[in-house]
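As structure tokens, the structure follows; a few thoughts come after it.
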Amino acid sequence: MTKKLLRVLKGETLDVPPIWMMRQAGRYLPEYRATRAEAGDFLSLCYNSDLAAEVTLQPIRRYGFDAAILFADILLIPQALGADLWFVTGEGPRLSTITTEADFAPLKPADEVHEHLSPIYETLRILTRELPAETTLIGFAGAPWTVATYMIAGRGTKDQGPAHALKAENRALFEALLDRITAATIEYLSKQIEAGAEVVKLFDSWAGSLKGEDFDRYALAPAKTIIAALKARHPGVPVIAFPREAGEKYVGFARATGADALALDNSVDAVWAAEHLQKDSPVQGNLAPGHMVTGGAALVEETRRIVQTFSGGPHIFNLGHGITPDADPENVQLMIDTVRGG
Ligand code: CP3
């Protein structure tokens with residue numbers, strides 16, 4: 096029996112959509128916080144294969160989601176390329192910045208990332224043994240533009256200003272950086288698939304700040320390059336694309352990039368998406384993560400509305416972005432019961 100998530104990614108419409116949740120292993124779960132404390136800190140947890148597999152499994156045990164997403168982070172690729180990376184508690188990631196040719200020159204070639212990332216591949220191998228037979232294993236990476244925004248600024252930014260500035264002031268360097276990340280991402284995702292990932296997802300969290308031709312060149316084109324390379328090496332392994340906040344640029348994105356499904360952020364109107372996107376590819380999403388904090392009748396109503404709106408085609412239920420640390424684990428159960436029980 097083929098796993099539910101894989102059936103939907105092949106285009107099947109199921110009576111009850113499969114469900115998983117972005118950031119399903121995370122700080123809203125007490126068992127996650129305990130394991131992170133055991134590891135010491137977030138990055139140590141990412142590189143400890145046994146504990147990373149354990150936190151990946153925690154939401155599967157607690158809720159029986161249809162998919163498990165590898166526990167890791169999109170910023171491990173910059174680190175594997177040679178950037179410094181650390182996390183400041185309560186603030187987020189910090190990296191050494193890339194704004195000049197001299198910053199870029201010492202970065203490693205794309206095919207030299209594997210030694211650094213070998214614990215991640217080991218996490219996947221453990222998961223292929225330990226996951227329930229019906230659970231799909233998802234690997235992932237950040238899309239080149241989103242990863243570049245962190246590498247250029249050295250931190251998360253509200254408007255991706257430093258990356259837009261480099262693009263304007265030194266386009267050759269900006270494009271060389273994107274190309275390096277693109278090549279490294281192909282290598283990384285390829286190895287994730289060889290280690291057991293059955294689906295991979297490309298997170299372009301800041302795609303929405305690329306407008307017009309910039310979107311096509313720096314969000315769409317790199318996704319197309321990555322997907323084409325993965326399809327050549329691993330035919331049949333589905334790719335989910337998440338060009339977050341792309342708005343109308345979601346239209347045609349799956350066809351243009353070769354993605355098998357589109358993950359929708361919660362600014363996308365479900366009725367519009369059912370009409371304009373779901374005819375081209377399966378869709379995933381798109382409940383606002385805030386409902387996991389507030390719960391109640393509004394959660395139930397909105398969950399039902401999304402399930403109903405996408406019921407005419409292939410749909411994977413998910414949030415429109417990651418669950419936040421202040422979410423109540425009981426609200427997650429209520430969402431799942433609503434999806435599965437009507
Ligand atoms: O979804 C999952 O459960 C899989 C694991 C995963 C994490 N990050 C774990 C994580 C995935 C898929 C990511 C993706 C990621 N990481 C993105 C793209 C998706 C998105 O949210 O837009 C981005 C932009 C990052 C970079 C990143 N990692 C930031 C900005 C932060 C700090 C903000 C925060 O939430 O604290 C992280 C840290 C991070 N990545 C945590 C987790 C569970 C929290 C770390 C902790 O435990 O303290």
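If you read the sequence shown in my numbering, its first letter stands for residue 96, the second for the next number, and so on.
Even for Gly, the Cβ is constructed at its ideal location relative to N, Cα and C.
Setting aside the 5 residues that flank it on each side, Phe337 is surrounded in the same chain by Lys296, Leu297, Phe298, Asp299 and Ala358, each with a C-beta closer than 7 Å to its C-beta; the list follows chain order. When the five nearest sequence neighbours on each side are left out, the beta carbons in the same chain lying within less than 7 Å of the beta carbon of Thr398 are those of Leu382, Met430, Thr433 and Val434, in order along the chain. According to DSSP, residue pairing for Trp181 in a beta bridge involves Arg189.
Judged by their CB atoms, Leu100 and Pro113 are nearer to each other than the 7 Å cut-off. A distance criterion of 6 Å places the beta-carbon of Ile288 beyond contact range of ligand 1, judged by its closest non-hydrogen atom.
Between Leu219 and Ala292, the C-beta spacing is below 7 Å. Taking a cut-off of 8 Å for Cβ pairs, the stretch 146-160 and the stretch 189-207 do not touch, as fewer than three such pairs fall below it. Secondary structure of Leu359 (DSSP, three-state): coil. Within the same chain, and ignoring the five residues on either side of Gly391 in sequence, no residue has its Cβ closer than 8 Å to its Cβ. Scanning its chain for C-beta atoms nearer than 6 Å, with the 5 sequence neighbours on each side dropped, one finds around Ala314 the residues Trp240, Asp299, Ala302, Leu305 and Pro338, in chain order.
Put simply, the stretch 165-177 touches the stretch 233-253. At least three CB pairs are less than 8 Å apart.
According to the DSSP secondary-structure assignment, His410 is paired through a beta bridge with Val378.
When the Cα atoms are used, Val427 and Arg328 turn out to be separated by approximately 37 Å. Just so you know, the alpha carbons of Gly251 and Arg189 end up roughly 8 Å apart. Put simply, the backbone Cα of Asp375 is about 15 Å away from that of Ser406.
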